[in-house]
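So the sequence lines, in the order shown, correspond to chains A and B.
All the letters of the first sequence, read from the start, carry residue numbers 1 to 81 under our numbering.
All the letters of the second sequence, read from the start, carry residue numbers 1001 to 1462 under our numbering.
For each residue, glycine too, the CB sits at the ideal point set by N, CA and C.
Notes follow once the structure below has been shown.
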Amino acid sequence: MSTVNRLFRLLIVAALVAMIFPLALSAYIDPGTGSYILQVLIAAFVAVSFTIKVFWKRIKKFFSRKKEEKPEPLQESADEK
Amino acid sequence: MKNEAGTLASSFRDPSGFLFIREKILYRQINHSYKEDYDLFLSSGLYRALTQAGLLVRHEEVLIPPADPGAAYKIIRPEPVPFISYPYEWGFSQLKDAALATLRIQKMALEHGMSLKDSSAYNIQFLQGRTVFIDTLSFEKLTMRPWVAYRQFCQHFLGPLLLMKHRDFRLNQLARVFIDGIPLDLTSRLLPWSTRLKPSLATHIHLHALSQKHFSRRTVRVREKRVSRTSLLGIVDSLESAVKKLSFKLKKTEWADYYQETNYVPEAFEHKKQVLAEFLDLIRPKNLWDLGANTGIFSRLASERGIPTVSWDIDFVAVELNYRDCLAKKEKLLLPLVLDLTNPSPAIGWENQERRSFLERGPADAVFALALLHHLAISNNLPFSRIAAFLRKICRALVVEFIPKSDSQVQRLLATREDIFSGYSQPEFEHEFSRFFTIQKAVHLKGSERVLYLMQGRDDQD
């Protein structure tokens, strides 16, 4: 856990740096590790926000169903052809 | 592109299986190494759910001798996709739809205890006017590890969409250079600073690029990292919201300009449609490419007759408008794509064989080349002989429009340059094209000086 904490602190600092300096990679890299670690770091955050979103949708659905029985129109983009 | 054994080079990286062609039919061999995942894919109900939702090509298992008997577990025959297109040929909405389809598939996979192991844009194709996933072997058992295809999704979809929206829609051409998606550090550098203020973009693009850089020279035992299914769903949901927010808006005047283009003398326009319809009924092609199709008005004469049609144009906005029309009218047989005919899509990837060139994906049964010749001959200095030879390579039957020098469209092209095109005349055009085609019909369009030709490719061409 302490490793994750350390990484997290480091990434916060890095994020601030990234805000200021646009990034350039010069060397040829394996980008796989960074993509993995980023997901581990944001895992808790996205899980919480996703749970709240689902929960909130259910509440909205519950009340909208009480008002009228019609299902909500799909607000999807073009993928709902 | 295939080798002697009929194996397609587009699938050689995948140890789970490969595509091969036998007697003009496309098959996919599933190797023993993928047995467990394939069985789970079917038994979990994911295959059924995805095909019912129209998100995955259907397939049937067949009993034929495998292409590589030692490794073979099963052979499947996937539903054929009439025309394979690539992300650098798509407009903004096409890439966005492909992105959303990929995320919906990943969501459904997670709900069925599986996950996508790659999310390359090349796995999405357009079939019957819908975005479908074509790689049946891309699903693996869910292991509660970070999403292995997250990087690929950001590089193939999110990054290019952001670049198109925030910088310039022509930046999707970068996909031609970077076959595995646009590197995130490059996307991060090219995007406006303001994108760093949006939490989802700051994370999925900028922080992501930074994280890649930070860990590129460190060894971290990532295999031991675990994340929950809710987190994985959260990542997909976050990407989905980011993609859905992206829209490509046009100013009213830009819209109007595009529809104005085709709005020349109504009499000639109506006559042109009528002649084209007659030609189509005469040749009844199995498929058609409309080159320089603009927003696809004439392409629709073919697609509405049940002819699978690809509507090519150099202009991204025209292709975008054409695709939106397809969606609005639920058109199944029309596919709008971006193409610069003077520099068509090359073959790219390993040994130049992974993605096929424009020419390799032909020939088409018929080609429309309407109001196109003067652009090639005058703007691009191409002699009629070269244009005819090229068109013969890509089609059997040709419908071509000749526009004389006196036409205002040609005069517009000549206005800024010296007229060095003494060979640009109707007799010269007929002479050069006759070397490659047999002229079957020539019809003068009413109220104009333009001529529409119907030609059949000659087999004895030199």
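Item                                                                                                                                                                          : Value
Would you mind working out which of 1372(B), 1271(B), 1047(B) and 1295(B) sits nearest residue 1445(B), comparing C-alpha positions?                                          : 1271(B)
So which of 1400(B), 1422(B) and 1415(B) has the shortest CA-CA distance to residue 1454(B)?                                                                                  : 1400(B)
Just the C-alpha distance for residue 1052(B) and residue 1060(B), rounded to the nearest angstrom, thanks.                                                                   : 15 Å
Suppose only complete runs of 4+ residues qualify. What are the alpha helix (DSSP H) ranges in the stretch 1289-1368 of chain B, listed by chain order?                       : 1299-1303 and 1316-1328
State the Cα-Cα distance for the pair residue 1390(B) and residue 42(A), rounded to the nearest angstrom.                                                                     : 53 Å
In angstroms, rounded to a whole number, what distance separates the CA positions of residue 1423(B) and residue 1436(B)?                                                     : 18 Å
Could you list which residues in chain A have their beta carbon closer than 7 Å to that of residue 1227(B), in chain order?                                                   : 39, 40 and 43
Cβ of residue 1146(B) less than 7 Å from any chain A Cβ?                                                                                                                      : yes
On the CB-based measure, 16 or more other CB atoms within 10 Å of its CB, does residue 1106(B) come out buried or exposed?                                                    : buried
If you pair each beta-carbon of the stretch 1323-1333 of chain B with each one of the stretch 1395-1414 of chain B, do three or more pairs fall below 8 Å?                    : no
Using a cut-off of 8 Å between C-beta atoms, extract the partners of residue 55(A) located in chain B.                                                                        : Under the 8 Å cutoff, chain B gives no residues; its nearest Cβ is about 12 Å from residue 55(A).
Using a beta-carbon distance below 7 Å, is residue 63(A) in contact with chain B?                                                                                             : no
Report buried or exposed for residue 1187(B), applying the criterion of at least 16 other Cβ atoms within 10 angstroms of its Cβ.                                             : buried
Classify residue 1102(B) as buried or exposed, calling it buried when 16 or more other Cβ atoms lie within 10 Å of its own Cβ.                                                : buried
Between residue 1085(B) and chain A, is the shortest Cβ-Cβ distance under 7 Å, so that the two count as touching?                                                             : no
Can you give me the Cβ contacts of residue 1057(B) inside the same chain, cut-off strictly under 6 Å, excluding the 5 residues immediately before and after it?               : 1078, 1079, 1132 and 1134
How far does the beta strand (DSSP E) with residue 1126(B) in it reach, from first residue to last?                                                                           : 1124-1127
Should the stretch 1228-1242 of chain B be called in touch with the stretch 33-53 of chain A, which here means at least 3 C-beta pairs below 8 Å?                             : yes
What is the DSSP secondary structure of residue 1091(B), counted as helix, strand or coil?                                                                                    : coil
Using a threshold of 7 Å, state whether the C-beta atoms of residue 1156(B) and residue 1109(B) are closer than that.                                                         : no
Around the C-beta of residue 1417(B), are 16 or more other C-beta atoms found within 10 angstroms, so that it is buried, or is it exposed?                                    : exposed
Which whole-angstrom value describes the C-beta separation of residue 1300(B) and residue 1280(B), a residue pair presumed to lie in contact below a C-beta threshold of 8 Å? : Not a contact, Cβ separation roughly 11 Å.
Mind checking whether residue 1166(B) and residue 1191(B) have CB atoms under 7 Å apart?                                                                                      : yes
Considering only the alpha carbon of each residue, which of 1303(B), 1343(B) and 1291(B) lies closest to residue 1318(B)?                                                     : 1291(B)
Is the shortest distance between the beta-carbon of residue 1235(B) and the beta-carbons of chain A less than 7 Å?                                                            : yes
Can you have a look at residue 1139(B) and say buried or exposed, based on whether 16 or more other CB atoms are within 10 angstroms of its CB?                               : buried
Would you grab the beta carbon distance between residue 1243(B) and residue 1149(B) for me? Rounded to a whole angstrom, and I think it's under 8 Å.                          : Not a contact, Cβ separation roughly 15 Å.
Going by C-alpha distance, which of 1038(B), 1088(B), 1438(B) and 1388(B) is nearest residue 1073(B)?                                                                         : 1038(B)
Would residue 1151(B) count as contacting chain A if we go by Cβ distances under 7 Å?                                                                                         : yes
In its own chain, which residues sit with a C-beta less than 7 Å from the C-beta of residue 1096(B), not counting the 5 before and 5 after it?                                : 1161, 1243 and 1246
Which term fits residue 1123(B), buried or exposed, when burial requires 16 or more other beta carbons within 10 angstroms of its beta carbon?                                : buried
Quickly, what does DSSP pair residue 1132(B) with across the bridge? List them, please.                                                                                       : 1125(B)
Quick one: does residue 1128(B) have its CB under 7 Å from some CB of chain A?                                                                                                : no
Could you pull the start and end residues of the alpha helix (DSSP H) that residue 1405(B) belongs to?                                                                        : Counting along the chain, residue 1405(B) falls outside any alpha helix (DSSP H), and DSSP gives it neither H nor E.
Would you mind working out which of 1154(B), 1439(B) and 1438(B) sits nearest residue 1118(B), comparing C-alpha positions?                                                   : 1154(B)
List the residues of chain A whose Cβ lies closer than 7 Å to the Cβ of residue 1438(B), in chain order.                                                                      : Near residue 1438(B) there are no residues of chain A at all, since even the closest Cβ is about 41 Å away, more than 7 Å.
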